[in-house]
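Chemist:
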Amino acid sequence: MRALIALLLTILLPLFAAAQADLPADRVSELERKLDALSQEIERMKMGEAAVEPQAADKASEGHAPAASKVYRAAPSKVSIGGYGEMTYQNFSKRKQDADAAGLRDEADFLRAVLYTGYKFNDWILFNSELEFEHGTTGNGRGEASLEQAYLDFRVSKPFGVRAGMMLVPMGITNEIHEPTTFHGARRPSVEQTIIPTTWRENGVGVFGEYGMLSYRTYLMTGLQAVTNTGVTGFSGANGLRSGRSSGAKSFAEDLAWVGRLDVSPIEGARAGASLYQGQADQGFAVHAVPVSLWEVHAQAEHSGAEVKALYAEGTIGNADTVNSLQGFTNAARTTVGSRLFGGYAEAAFNVLSLTRSTHYLAPFFRYERYDTQWRTPGGFSKNPANSRVEYAVGLTYKPIPQIAVKLDQQWKLNQARTGVNQWNLGLAYIF
Amino acid sequence: MKLPRGLAVLVLLLLGARPVLGRVLMTQKDALALAFPAGVKVDRRTAYLDAEQLKAAEADGRVKIGSKVWSYYVGTSSAGVLGYAYFDTHVVRTMPETFMAVLEPGGAVRFVELLSFQEPDDYLPSERWLKQFQGKELKDDLLVHRAIRNMTGASLTSETLSSGVRRILAVHAVLHPKIRILTSR
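Line order of the protein sequences matches chains A and B. The first sequence begins at 394 in my numbering and counts up one residue at a time. The second sequence begins at 45 in my numbering and counts up one residue at a time.
#1: Which residue wins for smallest C-alpha separation from residue 498(A), given the options 815(A), 821(A), 822(A)?
#2: With 9 Å as the threshold, decide whether the Cβ of residue 156(B) is near any Cβ in chain A.
#3: List, in order along the chain, the chain B residues whose C-beta lies closer than 7 Å to that of residue 827(A)?
#4: Check the DSSP bridge columns for residue 88(B) and list the partner residues they point to.
#5: Identify the contact partners of residue 97(B) in chain A, using a Cβ-Cβ distance below 7 Å as the criterion.
#6: I'd like to know whether the C-beta atoms of residue 633(A) and residue 587(A) end up nearer to each other than 9 Å.
#7: So which residues of chain B does residue 521(A) contact, with C-beta pairs closer than 9 Å?
#8: How would you list, in chain order, the residues of chain B whose beta-carbon sits under 7 Å from the beta-carbon of residue 544(A)?
#9: Using only the alpha-carbon positions, how far apart do residue 539(A) and residue 433(A) sit?
#10: With distances taken between CB atoms, is the gap from residue 537(A) to residue 559(A) smaller than 9 Å?
#11: Which residues, in chain order, does the region 114-128 of chain B contribute to contact with chain A at a C-beta distance below 7 Å?
#12: If we call anything under 9 Å between Cβ atoms a contact, is residue 639(A) one with residue 625(A)?
#13: Run through chain B and tell me which residues come within less than 9 Å of residue 585(A), C-beta to C-beta.
#14: Is the CB of residue 76(B) under 9 Å away from at least one CB in chain E?
#15: Which bits of chain B does residue 661(A) rub up against, with CB to CB less than 7 Å?
#16: Would a check of beta-carbon distances place residue 825(A) closer than 9 Å to chain B?
#17: Going by beta carbon distance, what residues of the same chain come within less than 8 Å of residue 83(B), once the five residues before and after it are set aside?
#18: In whole angstroms, what separates the C-alpha of residue 61(B) from that of residue 671(A)?
#19: With which residues is residue 129(B) paired in a DSSP beta bridge?
#20: Is it true that the region 700-717 of chain A meets the region 581-596 of chain A, where meeting means three or more beta-carbon pairs spaced less than 8 Å apart?
#21: Opposite residue 521(A) in the DSSP bridges: which residues?
#22: Given this structure, state the Cα-to-Cα distance separating residue 198(B) from residue 69(B), to the nearest angstrom.
#23: Between the C-alpha atoms of residue 124(B) and residue 437(A), what's the straight-line distance to the nearest angstrom?
#24: Quick one: what's residue 696(A) bridged to in DSSP?
#25: What in chain A is Cβ-close to residue 201(B), meaning under 9 Å?
#26: By how many angstroms is the C-alpha of residue 784(A) removed from the C-alpha of residue 487(A)?
#27: How should residue 469(A) be labelled, buried or exposed, when 16 other C-beta atoms within 10 angstroms of its C-beta is the threshold for buried?
#28: Cα-Cα, which of 88(B), 87(B), 94(B), 192(B) is closest to residue 207(B)?
#29: Any idea which residues DSSP pairs residue 758(A) with across the strands?
#30: Does any C-beta atom of chain B lie closer than 9 Å to the C-beta of residue 570(A)?
#31: Could you name the residues of the region 763-796 of chain A whose beta carbon sits closer than 8 Å to any beta carbon of chain B, in the order they occur along the chain?
#32: Chain A beta carbons: is any one of them nearer than 9 Å to that of residue 227(B)?
#33: Can you grab the Cα-Cα spacing for the pair residue 820(A) / residue 802(A), in whole Å?
#34: Between residue 441(A) and chain B, is the shortest Cβ-Cβ distance under 9 Å, so that the two count as touching?
#35: Looking at chain B, which residues of the region 602-627 of chain A have a Cβ within less than 7 Å of any of its Cβ atoms?
#36: Kindly list the residues whose CB is nearer than 6 Å to the CB of residue 690(A), restricted to its own chain and excluding five residues on each side of it in sequence; keep chain order.
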């Protein structure tokens, strides 16, 4: 369209100038009228549908009631495509906290390449999906391709909609909004990987909406799977609930879970909320039920270049001793599943370039994390002090444009067994 | 077979569903009626930016201006100019949105109104977010995470709309040099 506009201007403006000099007034007037008509046409082309008068909204068609027939009048349906990706380089310290050899290899990984595809069927029904390729390829057994989201939204009204399909569990800050340009550091916060097992998705159905400063989501979803079976590893001492996710792949639905979330945003740029997950996780593999409960509170705010966020989460696993026995975890190995787990973090950042006229973004950040996947262990099982962890991260996030982030950070990873291994990371992230 | 009460309520709600977020939220005609009350004389004008004006606008707005042809609307009464209305269409992610910025005679934003939005409604800006632009001038730091707060989960909408408002303010300023002196930094 730009080429067309340029062509029109190239032809018409010299003509108009010549006309003013040599042509009679009625010809000048005629050229002015034509130029005005062309500028209107250009405006309409730029604005697209918004420039067009809509059909009468209350007119029935195709033998349907007015509301039902809107789908037949709609403009051609639209596909929306987006995506994001991140590449990381992790450089591990050669020594653990206690000076023993760490034995970790440095790693460069194309961590994620993701494509979003959305489809708007009509004014109130839409489909959204997220297809993810992790670690470059599935060819050598190191990577995987996964569907992370695929759901239908039925937006009845702004305060009430129905959502069904594979959905992200609405807990925490990072699980639902996990694009790498939205968090500091090459790695996501550890608490939101270990205590809240981001990216956590399940199949289910639920309702969502917003009213004024409040927004909510509440879903009924497939539950976690506590014990090893059919490709799912089950709960563990070091990673808590994380390996109990079945990721919507033939998820056993013997046990379901309920999750609800409420957020309040009293002023633009500030948000606080809480969520609660309650479900069973035995999926028919244990004699006793394995009730799982996880709750969290979170808050985040930004003002004039400064950003802060914080989260605290706590969970319980009922009959953890049964899980340990089914998983073959013995007390001697200290790999036992904890009966309670907790974690929290706080983070602050400041865009130093907000003090200048530059549109670039350069933010030093600091994050503190404390978490323990064996905060409490079932009777007769002792904990592994390596699971009581503290982490500090300091780094820089640079964005030449808002959709590209280059990250550099140093992480100090400490635990009570003194086996933590520090690392520094580089990250490259994009979103479109 | 008897439906459970909860399911019956859900079915009724879905049957009564009405579109709440159409892709065209407002036509240009309706938007102009919102910008200028009845009785106000509205003139459509077209400006053709020269290379120098384009360069100046891009420097002032810290944004690509894109087009040299800008149509805008001026509302006047016997008391003089009451305001200006500009329209901007840009791509958010892969789909476009169109908005109107209504400017005070002095060059500050009176309000911003969305006309169409083709991306999924998850990324639709709220009225409260749009209100951030009210009273803002070109010299204000209209960048996301600065004078304009980010919309959580809709960063691309925040960025593209903020850029769009800066684009309009910058074009308006180069077309009205007196305003440019007062509102640019």
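Using N, Cα and C, we set each Cβ at its ideal position, and we do this for glycine too. All values derive from a computational prediction rather than experimental measurement.
Modeler: Concretely, from the data shown:
#1: 815(A)
#2: no
#3: The question about residue 827(A) has no answer, for chain A in this structure spans 394 to 825.
#4: 117(B)
#5: The premise fails here: residue 97(B) is roughly 14 Å from chain A at the closest Cβ pair, so nothing lies under 7 Å.
#6: yes
#7: 164, 166
#8: Going along chain B, no residue has its Cβ under 7 Å from residue 544(A), so there is no contact; the nearest lies around 11 Å.
#9: 48 Å
#10: no
#11: 115
#12: yes
#13: The contacting residues do not exist; residue 585(A) stays about 15 Å from chain B at best.
#14: Considering every chain present, this structure includes no chain E. Its protein chains are A and B.
#15: 172, 173, 176, 193
#16: yes
#17: 121
#18: Note that residue 61(B) has pLDDT 48, beneath the 50 cutoff, so the model's placement of it is unreliable and the number below is only indicative. Whole-angstrom Cα-Cα distance: 31 Å.
#19: 117(B), 146(B)
#20: yes
#21: 511(A), 544(A)
#22: 18 Å
#23: 28 Å
#24: 699(A)
#25: In chain order: nothing, as chain A lies at least about 11 Å away.
#26: 18 Å
#27: Interpretation of residue 469(A) is limited by its pLDDT of 44, a score under 50 that renders its predicted location unreliable; the figure taken from the coordinates is listed afterwards. Counting Cβ neighbours within 10 Å, residue 469(A) comes out exposed, since fewer than 16 surround it.
#28: 192(B)
#29: 742(A), 788(A)
#30: yes
#31: 795, 796
#32: no
#33: 9 Å
#34: yes
#35: none
#36: 667, 705
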